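Participant:
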Ligand code: BEZ
């Protein structure tokens, strides 16, 4: 079956955040707070987030790709792991909600498309669906699991890794404190879904998957720069609660709040990641 007939919705470009005058009251985030929780700048991603893909080789091993297999890489980003799968002889298609990241992946010669995983509409095209560091951005996890189910041939496998329960708990707490001081609600701006193994396993099983393995494990992760660079790269949605001219001070405050717990005596920052990792089969 030809996977080019995917009919999912292309992603609309991010609406620019309107500048506010210092005296204007900050509007509540409202329903649009999740319209596009994050923009991805490929250069910023390489500088501050390359480790995310580099640390994904463990889940590639769990996938155990076989040359010739058709694999869908959900949340391919700039194609770092997609290229590894292609180099192993797989026929890989990458999808990502970010057109900038998809452009970067295409420049590497990969088959990459702008598709939202929550609305993707592939049908029984793939031997395996693979995903690294993406599923925690899915605020509608059941919709994403449905799309994966439809995309897989019978007997196909879904192998993924993402942030799990407890992921970046210290960072979330510090963001919550700084937002609360400014009258903003963390939950109203939180773009992340960090499931327990039980919760995500139940969702997979409810869709019909046979869950072969699923676990959450801690993976404290050294960062290539300061905490504020991580926040700028990954925590963009929370900035919707902060006036543009106050964002630098907000980031400094969150970083200094976290320094005692996430920065060592040598100045090395880390993020308190956990990972949810699973392998499931469509019978
Ligand atoms: C990640 O890419 O793994 C990640 C992103 C945001 C929060 C936590 C984890």
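Numbering (the numbering used here), first residue to last: 3 to 285.
Glycine residues also receive a C-beta, built at the ideal position from the N, C-alpha and C atoms.
Computed from a predicted model, the values in this text were never measured in an experiment.
Per DSSP, residue 93 forms a beta bridge with which residues?
Facilitator: 72
Participant: Do residue 158 and residue 129 have their C-beta atoms closer together than 9 Å?
Facilitator: yes
Participant: Can you give me the C-alpha to C-alpha distance between residue 71 and residue 93, rounded to a whole angstrom?
Facilitator: 6 Å
Participant: Pick out the complete beta strand (DSSP E) segments inside the region 79–146, 3 residues or longer, and give them in chain order.
Facilitator: 93–98, 113–116 and 128–134
Participant: Do residue 274 and residue 283 have their CB atoms nearer than 9 Å?
Facilitator: no
Participant: With respect to 8 Å, is the separation between the Cβ of residue 273 and the closest non-hydrogen atom of the ligand BEZ below this value?
Facilitator: yes
Participant: Going by Cα to Cα distance, which pick from 151, 167 and 166 is closest to residue 160?
Facilitator: 151
Participant: So residue 188 and residue 178 are in contact, right, with Cβ under 8 Å, and what is the actual spacing, rounded?
Facilitator: About 4 Å separates the two Cβ atoms, so the contact holds.
Participant: Between residue 106 and residue 44, is the Cβ-Cβ spacing less than 9 Å?
Facilitator: Against a cut-off of 9 Å, the Cβ pair of residue 44 and residue 106 comes out as a contact.
Participant: Grab the span of the beta strand (DSSP E) containing residue 274 for me, first residue to last.
Facilitator: Under the DSSP assignment, residue 274 falls in the beta strand (DSSP E) whose first and last residues are 272–283.
Participant: Cβ-heavy atom distance between residue 165 and the ligand BEZ below 8 Å?
Facilitator: yes
Participant: Report yes if the C-beta of residue 78 is less than 8 Å from at least one heavy atom of the ligand BEZ; otherwise report no.
Facilitator: no
Participant: Skipping 5 residues on each side, what residues in its chain have a beta carbon closer than 8 Å to that of residue 267?
Facilitator: none
Participant: Give a yes or no on whether 9 Å exceeds the smallest Cβ distance from residue 251 to chain C.
Facilitator: Absence of chain C from the displayed structure is noted, only one protein chain being present.
Participant: On a CA-only basis, which of 62, 218, 180 and 108 is nearest residue 243? Give me that one, please.
Facilitator: The residue with the shortest Cα to Cα distance from residue 243 is 180.
Participant: Do residue 145 and residue 166 count as a contact pair if the criterion is CB distance below 9 Å?
Facilitator: no
Participant: If you measure from the CB of residue 170, is any heavy atom of the ligand BEZ nearer than 8 Å?
Facilitator: yes
Participant: Out of 222, 261 and 147, point me to the one whose CA is closest to residue 280's CA.
Facilitator: 147
Participant: Is residue 227 buried or exposed, if buried means 16 or more other CB atoms sit within 10 Å of its CB?
Facilitator: Its Cβ having fewer than 16 others within 10 Å, residue 227 is exposed.
Participant: How long is the line joining the alpha carbons of residue 75 and residue 185, rounded to whole angstroms?
Facilitator: Rounded to whole angstroms, residue 75 to residue 185 spans 39 Å at the Cα level.
Participant: Compute the Euclidean distance between the alpha carbons of residue 221 and residue 153, then round it to the nearest angstrom.
Facilitator: 30 Å
Participant: Quick check: the Cα distance between residue 278 and residue 131, rounded to an integer number of angstroms?
Facilitator: 16 Å
Participant: Using the beta-carbon count (16 or more within 10 Å), is residue 26 buried or exposed?
Facilitator: Unreliable placement is indicated for residue 26, whose pLDDT of 47 sits below 50; no coordinate value is reported for it.
Participant: Please check the pair residue 229 and residue 257, which I expect to be a contact at CB under 8 Å, by giving their CB distance rounded to whole angstroms.
Facilitator: Confirmed, about 4 Å.
Participant: Would you kindly check if the distance between the Cβ of residue 236 and the Cβ of residue 103 is under 9 Å?
Facilitator: no
Participant: Just verifying my parser: in three-state terms, what is the DSSP assignment at residue 235?
Facilitator: In the three-state reduction of the DSSP assignment, residue 235 falls in the helix class.
Participant: Among 51, 209 and 190, which one has its Cα closest to the Cα of residue 223?
Facilitator: 51
Participant: Pull up the DSSP beta-bridge partners for residue 197, would you.
Facilitator: 166
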